[in-house]
Each structure stands twice: as structure tokens, then as C-alpha cells.
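Scroll down for the structure; my scribbles are underneath it.
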Amino acid sequence: MEKLVIRGDHNLHLSGEVRISGAKNAVLPAIAAGLLTSEEVRLSNIPRVKDVETILTLIAELGGTYTIDGDTVAIRVSKIRSDEASYELVRAMRASILVLGPLVARFGKAVVALPGGCAIGSRPIDLHIAGLQKLGATISLEHGYIQAQADRLRGAVIEFEKKTVTGTENLLMAAALAKGETILKNCAREPEVADLAVLLNKMGAKIEWMGEDTARIRGVRELGGAAHVIIPDRIETGTFLVAGALASGDFLIRNVCPEHTAAVIEKLRASGAIVETDGENALRVAGSREVKAQDITTSPYPGFPTDMQAQFMVLLTQAAGTSIITETIFDRRFSHVNELVRLGASIEVQGDKAIVKGKTLLSGAEVIATDLRASAALVLAGLVATGETTINEIEHLDRGYERIEDKLRGLGASIERVKA
Ligand code: EPZ
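For the sequence shown, our numbering begins at 8 and goes up steadily by one.
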């Protein structure tokens with residue numbers, strides 16, 4: 008076990024530059040897409056994070072092979088020796104559900120453990136299952152596993168009751184190999200979904216977007232290999248932008264897609280931070296002396312991302328006045344509040360809202376991370392809390408951030424990873 012020890016400063020000063028890694032939530036479906044073909048799929052700009060290791064372990068357990076060379080992974084699934092994604096792996100990472108669609112589509116069978124809930128909510132997968140049933144899969148839920156079978160999936164018209172990122176990704180992959188045409192309505196529009204469609208089309212799929220959230224997929228008999236560069240991680244970008252907004256000084260954030268972070272940048276500018284594009288794929292950020300209170304409501308892309316809610320809450324503890332954060336995506340995504348209160352924040356949760364009163368000067372303490380983005384929020388809070396903050400159980404953080412302590416230290420923060 009390891010922990011992070013941060014020596015924070017109310018007058019945090021950051022400068023220099025940091026490079027953003029590839030998007031965790033883009034590389035996971037892209038790796039799952041490797042199940043759809045017997046040829047090699049090469050993905051570069053992959054983040055070296057725990058979730059990538061987990062899904063590659065799952066691919067290997069299913070019978071695929073992979074090699075990693077620097078930031079590139081090459082996957083090949085010529086055949087499978089198992090069609091089961093075990094509870095142990097699915098429990099470790101709910102995104103393992105992304106193998107369900109590809110396994111049924113290419114091999115006609117999948118046995119995937121039902122992902123449980125997690126720290127941010129109940130996380131059902133009823134929309135994934137309903138979509139696959141519409142494509143002709145026979146699905147039963149037995150002993151905590153999804154048993155799915157289909158001789159060959161058949162195209163259908165499917166309208167998602169609500170926007171689901173991995174649900175859309177599962178159905179895009181399944182429909183790519185279905186017989187006939189599929190229309191997916193009310194798709195999630197996150198950049199990671201769009202990037203998966205780009206990869207699938209490189210592999211020979213016939214996916215086209217009709218209007219903003221409708222996809223038409225003409226199924227093909229088989230898909231081929233492809234090479235693809237993973238898009239930058241817009242949530243890591245947002246996390247570093249908030250760090251900049253909390254600090255004096257300014258720094259450059261390289262390897263970003265500014266338009267993927269537009270909703271966060273808009274709110275940061277409204278809070279007083281300076282955020283400027285610097286060339287095609289870099290942003291420069293500087294904090295302001297006075298942080299202005301903001302009301303935030305999370306919503307599906309292109310709205311304010313739920314994955315940035317915890318991080319932005321830290322900035323709002325430094326704003327003079329009252330800010331109201333409304334979390335509309337998950338039913339329990341305020342577990343970071345209790346830990347932030349222990350650092351001195353004044354936050355009250357009322358149903359789907361968190362009422363943040365600022366400005367509160369934070370003071371260092373020992374805290375525990377409960378999920379990936381809550382962990383990132385605690386790191387940001389530790390940077391501006393006087394004294395020492397120790398963050399335990401940082402395995403959550405390592406699931407989605409690549410060497411965050413090295414990146415922050417490179418900007419001037421006092422943070423190190425030590426044995427717990
Ligand atoms: C993806 O999770 C992301 N994970 C999450 O990021 C992100 O928070 C979430 O999308 C929302 O943007 C990956 O891409 C690997 P959803 P996902 O299906 O697909 C409900 C992170 O920190 N729903 O879009 O699991 C669901 O309960 C992670 O990187 C159903 O009701 O989320 C939620 O309320 C955390 N039935 C809403 O839809 C379903 O079948 C959105 O969930 C599916 C979802």
C-alpha cells in the first residue's frame with residue numbers, strides 16, 4: 008500500500024509545463040474493440056494507469072495476446088479460450104462490461120459478471136442488456152453473471168432511455184458486426200464515444216452520425232486491424248486546470264484538446280481564472296487572487312462533466328460566497344465531501360446538491376480516498392491546505408492518473424509517494 012504526502016500552501020505557486028496522458032475512458036473501449044477482429048489493433052498514446060493493466064489482463068484471460076512498447080499497445084485476439092469475464096476482474100473495474108458487446112458479436116457468447124455498485128452510485132447496466140436483446144441476443148442473469156448468446160446479432164432500431172457512455176460504446180461495437188442496419192438513438196456524445204467510432208470505422212465498420220446523437224451502423228461480416236492514437240484525457244486536463252486556478256503563477260498544459268474541455272474552461276473563466284489556448288493542443292492557465300462563487304450542474308457531454316465535479320468543488324471552497332453543485336448523473340457522488348470537510352471546508356449535502364460556503368482556509372490532515380475523482384479532489388485540496396495532508400488508499404487514484412505526483416512536483420508542488 009502507498010500513500011501521498013503533500014505539503015500544502017495557501018499561497019500555492021505553480022509554473023512550468025505538464026503533458027497530459029491519453030484518455031483512460033477512450034483507451035478502455037478501444038482495447039475492448041480488439042476483441043472484434045483476429046487482426047492486430049495498435050493503440051498509441053495510451054496512459055500507463057491501473058485500469059489499462061486490468062483490461063489487458065482480461066483480454067489475456069479471454070485468450071488474446073498483447074505487447075506493450077512505450078506508450079503503444081498491440082492487441083491480437085485470433086481466437087478465445089474463454090468467454091467469461093470473472094467477477095474478480097469486473098469488481099476491480101466496472102468498465103470490464105465493455106467486453107460484453109464484442110464477445111457476443113464476434114463469438115456469439117459472453118459470460119460477464121454483473122458489476123456491483125461502487126462509491127459513486129448503483130451503476131446499473133440495464134440499458135446495455137436491453138440494447139443487446141434488441142439486437143437478438145438471449146440474455147439471462149444467473150448467479151451474479153450476465154449470460155448472453157446469439158447465433159448472429161441482427162440490426163435493429165434502439166433508443167437509449169438515458170445517455171450511457173459505455174452503453175453506447177457496447178452497442179456500437181455489437182452493431183458493427185450485426186447482420187443489417189442498426190440505428191442507435193439518444194447516444195452519449197462524449198469524445199471517447201466519438202473516438203471509438205473513428206477506430207471502428209478504421210477497422211472496417213460502417214458507422215455514421217446522423218444528427219447529434221443518432222448513429223447509423225451498417226453491419227459487416229468481419230472487421231480488420233487498425234492503428235489508432237488515443238485522444239488526450241479531458242478529465243486529467245480539467246484536473247490540472249483546476250490546480251492552476253487554485254494557484255498563483257501560470258503554467259502550460261500540453262497534449263490537450265481544448266474543445267473537449269470547453270464546459271470546464273467556461274466555468275473556470277467565470278470563476279476568475281485565466282485560461283488561454285496556446286497553439287493547437289496546449290492551454291495556459293493562471294489563477295486569480297479572488298475566486299468567484301459558481302453554481303455547477305453536471306450533465307452529459309457537452310455539459311459540465313460529472314467526472315470534474317469533485318475537483319471543481321475544491322476550487323469553490325476557495326471562492327468568497329456560496330456555490331451550489333448539483334450532481335445529476337450519479338446518485339451518490341459526494342463521498343469526497345466528508346473528507347474535504349475534515350480539511351476545513353464548509354460543505355453541506357442536501358439530496359443531489361452540495362452547498363459550498365467559502366472562502367475557507369484549508370488545513371492539512373490525514374484523509375482517505377474513496378474513488379478515482381474524489382482522490383484527485385483530495386490531492387488538489389492538499390496542495391492549498393497549510394501543513395501536511397496524507398492521502399491513503401491511493402490505488403483509486405492510480406486507476407486513472409499516470410504519475411500525478413511527478414507531474415505536480417514538476418510544476419513546483421511539494422508532493423511525494425511513500426510506503427503506507
Ligand atoms: C462512464 O461510465 C465513465 N467511465 C465514467 O467515468 C463517467 O463518470 C460516466 O461515463 C458518465 O460520464 C468510462 O467511460 C469507463 P453511464 P458509465 O453509463 O458508462 C445510468 C471515471 O471517473 N445508467 O454514462 O458507467 C447510470 O447509473 C468514470 O473515469 C443506467 O441507468 O456511465 C448513470 O446514472 C467514473 N443504466 C448514468 O446512466 C445503464 O444501463 C450515466 O452512466 C447504464 C447507465
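Where is the CB? At the ideal position from N, CA and C, for every residue including glycine.
Nearest Cα to residue 236 within the set 8, 14, 38: 38. Burial check for residue 192: the Cβ neighbour count within 10 Å stays below 16, so the residue is exposed. Counting C-beta atoms within 10 angstroms of its own C-beta, residue 380 has 16 or more neighbours from the protein chains shown and is therefore classed as buried. Segment contact: the region 107-122 against the region 80-96, three or more CB-CB distances shorter than 8 Å; contact assigned. Residue 399 has 375 as its beta-bridge partners, per DSSP. Around the beta carbon of residue 131, a 10 Å sphere encloses fewer than 16 other beta carbons of the protein chains shown; the residue is thus reported as exposed. Of the candidates 310, 315, 393, 393 places its Cα closest to the Cα of residue 350. Using a 10 angstroms sphere on the CB of residue 147, the tally of other CB atoms stays under 16, which defines it as exposed. Of 143, 173, 209, 217, the smallest CA-CA separation from residue 187 is found for 143. Distances between the C-beta of residue 336 and the heavy atoms of the ligand EPZ include at least one below 7 Å.
Among the bridge pairs identified by DSSP, residue 150 is matched with none. Rounded to whole angstroms, the Cβ separation of residue 401 and residue 376 is 6 Å, and the two are in contact under 8 Å. Here DSSP, grouped into helix, strand and coil, assigns residue 239 to strand. Collapsing the DSSP output to three states places residue 28 in coil. The Cβ neighbour count for residue 153, taken over all protein chains shown within 10 Å, is at least 16; the residue is labelled buried. Residue nearest to residue 27 within the set 243, 69, 183, 374 is 243 (criterion: CA-CA distance). Annotation: residue 20 to residue 339 spans about 33 Å, alpha carbon to alpha carbon. When the five nearest sequence neighbours on each side are left out, the beta carbons in the same chain lying within less than 7 Å of the beta carbon of residue 279 are those of 295, 297, 298, 299, in order along the chain.
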